[in-house]
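Visitor: This structure is in structure tokens; I'll ask about it shortly.
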Amino acid sequence: HFSYVAGRPVVQDVSLTVAENTVVYLLGHNGCGKTTLLEILSGIRAPHSGSVWLNELNLHHLSARKRAKSVGLVPQLHTPVFAYTVHDVVMMGRTPYLGLFGTPGRHDHEIADHAIETVGLAALRERAYTELSGGERQLALIARGLAQQTSVLLLDEPTSHLDPRNQQVVLETVAQLAENHVSFILSSHNPNSALMFAQQVIVMKAGRVIAAGRPLDVLTEDILSTAYDMAVEVIYNHQEVARAIVPRRNGVHGKPL
60 HFSYVAGRPV VQDVSLTVAE NTVVYLLGHN GCGKTTLLEI LSGIRAPHSG
110 SVWLNELNLH HLSARKRAKS VGLVPQLHTP VFAYTVHDVV MMGRTPYLGL
160 FGTPGRHDHE IADHAIETVG LAALRERAYT ELSGGERQLA LIARGLAQQT
210 SVLLLDEPTS HLDPRNQQVV LETVAQLAEN HVSFILSSHN PNSALMFAQQ
260 VIVMKAGRVI AAGRPLDVLT EDILSTAYDM AVEVIYNHQE VARAIVPRRN
310 GVHGKPL
């Protein structure tokens, strides 16, 4: 349970379990509580009631440094004030492992370089972050999260503002990384990509989880129509497997959410 203003909960009655090496999608309309939930799961915000557990440890009982070694949060795209190189940005993920005035050592640089290589940006190591495309920036931020060496990475709308190809590149990278002992929880407005990449889907509305489970069980016309207050249609292939989710024409009523 969490509220910014007393009596107006933003997240409430949320209970969920995430398995190792999985990609979990958080879906829901604007303002339903997805980003706030990610911030609670990362430890940035403490819930007013309830707790977050990771590997039998209460996340909010850990120091900020220990939390940062356990969970990483990758924000939406941003433009830094200074023209840091890709390597500089990724090295920021090593901060929890350095002392107050600590200087990164050879091992830290090796971990950062491995993260950069893992997401396919080795050729852009010394390129200014501000000169990257949107998709490349998002991959650099994911590499920064990998450099933290956490078991869970939280991604806040990682494909927003990206063209279809860059969306696919980022999500394919996430899917591959999830096979190597990293779990991802990402917020999204795209149920179609959840069909393709998620092992678990959580649908929120007005701060509550209204459905959670396997994509084919959760991404139904009834659940999505309820979540978004609009009529949607699920298109199936000849094997009766859901392949696409589209809005129905004239299926929206009322004001924007």
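Taking our numbering, I'd label the letters of the sequence shown as residues 60 to 316. Even for Gly, the Cβ is constructed at its ideal location relative to N, Cα and C.
Can you give me the Cβ contacts of Thr189 inside the same chain, cut-off strictly under 6 Å, excluding the 5 residues immediately before and after it?
Guide: For Thr189, where only same-chain residues beyond five positions count, the Cβ hits under 6 Å are Ala142.
Visitor: State yes or no: is the C-beta of Arg37 within less than 7 Å of the C-beta of Pro155?
Guide: Missing from the structure shown is residue 37; the chain here goes from 60 to 316 and no further.
Visitor: Pick out whichever of Leu278, Ser252, Phe256 has its Cα sitting closest to the Cα of Met263.
Guide: The residue with the shortest Cα to Cα distance from Met263 is Leu278.
Visitor: The beta strand (DSSP E) spanning Ser246 covers which residue range?
Guide: Start and end: 242 to 247.
Visitor: Let me make sure I understand the geometry here. Which of Asn80, Leu132, Ala78, His88 has the alpha-carbon closest to that of Arg267?
Guide: Here the closest residue by C-alpha is His88.
Visitor: Use the C-beta contact count for Ile294: other C-beta atoms within 10 angstroms, 16 or more gives buried, fewer gives exposed.
Guide: Label assigned to Ile294: exposed.
Visitor: Could you pull out every unbroken alpha helix (DSSP H) segment of at least 4 residues lying fully inside the segment 119 to 202, listed in chain order?
Guide: DSSP runs (the alpha helix (DSSP H)) wholly in the segment 119 to 202: 123 to 127, 145 to 150, 165 to 177.
Visitor: Let me know the alpha helix (DSSP H) ranges lying completely inside the segment 215 to 239, each 4 residues or longer, listed in chain order.
Guide: With a minimum length of 4 residues, the continuous alpha helix (DSSP H) runs that stay inside the segment 215 to 239 are 223 to 236.
Visitor: Are there 16 or more other CB atoms within 10 angstroms of the CB of Val140, so buried, or fewer, so exposed?
Guide: Result: exposed.
Visitor: Is Ala303 helix, strand or coil when you go by DSSP?
Guide: Note: Ala303 maps to strand in three-state DSSP.
Visitor: Should the segment 210 to 228 be regarded as contacting the segment 190 to 202, the criterion being three or more beta carbon pairs within less than 8 Å?
Guide: In short, these stretches touch, since the Cβ pair count reaches three.
Visitor: Could you say which of Val149, Val83, Tyr84, Arg165 lies nearest to Asn186 if we only look at CA atoms?
Guide: In the sequence on display, residue 186 carries Arg and not Asn. Checked all of Val149, Val83, Tyr84, Arg165; the closest Cα to Arg186 is Val149.
Visitor: Looking at Val70: is its Cβ nearer than 7 Å to the Cβ of Val77?
Guide: Result no, Cβ atoms of Val70 and Val77 do not sit closer than 7 Å.
Visitor: Who are the near neighbours of Val228 in its chain, counting only those whose CB is closer than 6 Å to its CB and skipping five residues on each side?
Guide: Only Gly194 meet the Cβ criterion.
Visitor: Comparing C-alpha positions only, which one of Ile201, Ala265, Leu230, Leu236 sits nearest to Gly152?
Guide: Closest option to Gly152, Cα to Cα, is Ile201.
Visitor: Report the rounded CA-to-CA distance for Gly131 versus Asp288, giving the unit in angstroms.
Guide: Spanning the two alpha carbons is a distance of roughly 32 Å.
Visitor: If you draw a straight line from the C-alpha of Glu354 to the C-alpha of Ala271, how long is it?
Guide: Residue 354 is absent from the model: the chain starts at 60 and stops at 316.
Visitor: Are Leu96 and Leu213 touching if we call contact CB-CB under 7 Å?
Guide: Against a cut-off of 7 Å, the Cβ pair of Leu213 and Leu96 comes out as no contact.
Visitor: For Val305, is the classification buried or exposed, using 16 other Cβ atoms within 10 angstroms of its Cβ as the cut-off for buried?
Guide: Exposed.
Visitor: Can you tell me the Cα-Cα spacing of Lys128 and Pro163, whole angstroms?
Guide: Cα to Cα, the separation comes out at about 16 Å.
Visitor: Under three-state DSSP, which class holds Gly109?
Guide: The answer is coil: DSSP assigns Gly109 none of H, G, I, E or B.
Visitor: Just confirm the distance between the C-beta atoms of Leu198 and Ala174, as a whole number of angstroms; I'd bet it's less than 8 Å.
Guide: Contact doesn't hold; Cβ gap of about 10 Å is too wide.
Visitor: Give me, in chain order, the residues of the same chain whose beta-carbon lies closer than 8 Å to that of Arg273; leave out the 5 immediate sequence neighbours on both sides.
Guide: Closer than 8 Å at the Cβ level, and outside the excluded window around Arg273, lie Gln258, Gln259, Val260.
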